[in-house]
Amino acid sequence: MPDTHRTPAPAHRGTFDDLVAEGAAVPTAGWDFSWFEGRATEARPSWGYATAMAARLAGATAALDIQTGGGEVLDFALAHVEPKAPVLAVATEGWPPNVAKATALLRPRGVAVVAAPEDAPLPFADEAFDLVTSRHPVSPDWPEIARVLRPGGTYFAQHVGARSAVELVDHFLGPRPDEQSGAARLPERERAGAEAAGLEIVDLRSERLRMEFYDIAAVVHFLRKVVWMVPDFTVEKYEPQLRSLHERIEAEGPFVAHSTRHLFDARKPHPA
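Taking UniProt numbering, I'd label the letters of the sequence shown as residues 1 to 272.
This is the structure in structure tokens:
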């Protein structure tokens with residue numbers, strides 16, 4: 001979503017039904033969040049992932065971007081690579097609309113986009129890449145990441161952390177046990193998973209960031225786009241929660257939640 005450093009436009013006005021219909025009609029393919037301009041904001045982590053990713057790509061010879069979405073982040077990073085892009089650049093994506101969008105966006109940059117389910121082994125040979133990246137993977141498959149990395153290679157990624165946007169999710173689902181609210185995404189648990197696969201953690205950072213939703217259309221589109229937040233979300237099923245949240249925003253102003261982000265920098269060690 002747009003950065004909170006930008007000045008938000010006034011909330012869009014309309015009836016509950018009009019706003020819900022608007023949010024339900026916006027296409028959800030890719031990771032372009034420009035539609036949220038003036039309707040929702042989210043603070044950005046201090047490390048600037050896309051720019052930092054560009055610096056890593058400049059030093060790579062063979063790079064793989066996992067779960068690339070519509071390819072927007074990789075496209076930005078490649079556009080800012082200095083002095084040169086990797087000789088080989090590949091991306092994977094599992095959702096067919098995103099595969100098509102990423103292919104159209106990344107093909108002009110020489111990137112091969114491979115359709116690969118998120119829960120399947122990576123369709124590449126052992127030790128094929130010296131850099132693996134990912135922005136917001138659903139669930140990192142540490143053994144597969146370690147397998148396709150060359151010794152000395154790096155996994156550089158930004159993950160969604162535990163209890164991200166929990167205030168919003170709890171409004172729809174109610175308070176949940178830790179395991180259902182993303183405790184598996186706690187940084188120390190992810191560290192343990194990476195280390196169990198044989199990776200060494202070079203850097204691991206975590207930040208909690210403010211989000212604001214200015215109208216119910218933004219909430220509807222967000223939950224349709226980021227499908228793991230409320231996995232069974234439909235406007236019809238959650239109409240009472242949507243209506244009560246609309247009334248709250250109308251009476252009190254923007255709804256505030258908080259996202260959680262981790263920066264992972266891990267290395268595959270050389271054999272002893």
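Every residue, glycine too, gets a C-beta built ideally from N, C-alpha and C.
Straight through space, the alpha carbons of P123 and A54 are spaced by roughly 24 Å. The Cβ atoms of L106 and A77 lie no closer than 7 Å to each other. For F255, the secondary structure class from DSSP, reduced to helix, strand or coil, is strand.
Distance from the Cα of Y49 is smallest, within the candidate group G253, V227 and L204, for L204.
Taking every protein chain shown into account, the CB of V148 has 16 or more other CB atoms within 10 angstroms, so this residue is buried.
Nearest neighbour of T133 by Cα position, chosen from D126, D170, I145 and A125, turns out to be I145. Distance from the CA of P231 to the CA of K225, rounded to the nearest whole angstrom, comes to 11 Å. For A165, no alpha helix (DSSP H) encloses it, and the DSSP letter there is neither H nor E.
About 6 Å separates the CB atoms of A91 and V111; that is less than 8 Å, so the two are in contact.
Under the rule that a run must span 4 or more residues, the alpha helix (DSSP H) segments found entirely inside the region 43–70 read 49–58. In the DSSP assignment, F129 falls within the unbroken beta strand (DSSP E) covering F129 to R135.
A check of alpha carbon separations from A128 across G174, D65 and E190 identifies D65 as the nearest. Here V169 has M229 and V230 as same chain residues with Cβ atoms under 7 Å from its own Cβ, once five neighbours each way along the sequence are excluded. Within the same chain, and ignoring the five residues on either side of D32 in sequence, the residues whose Cβ sits closer than 6 Å to its Cβ are E72. Residue burial is scored here from C-beta neighbours: D75 has at least 16 other C-beta atoms within 10 angstroms and is therefore classed as buried. Under the DSSP definition of a beta bridge, R267 partners with T154 and E200. Here the C-alpha atom of E252 lies approximately 37 Å from the C-alpha atom of R189.
Annotated three-state conformation of E236 is coil, per DSSP. Membership of A29 in any beta strand (DSSP E) is not indicated, and neither H nor E is assigned to it by DSSP. The beta carbons of P2 and T28 sit no closer together than 7 Å. Remark: C-beta atoms of A218 and F36 approach each other more closely than 7 Å.
Taking C-beta separations shorter than 7 Å and ignoring five residues to either side along the sequence, the partners of T103 in its chain run V113, following chain order.
Judged by DSSP secondary structure, L223 falls within the alpha helix (DSSP H) whose first and last residues are I216 to K225.
Just so you know, the alpha carbons of L199 and Q67 end up roughly 20 Å apart. The residues E93, V113 and A115, in chain order, have a CB closer than 7 Å to that of V99 in the same chain once the five nearest residues on each side in sequence are set aside.
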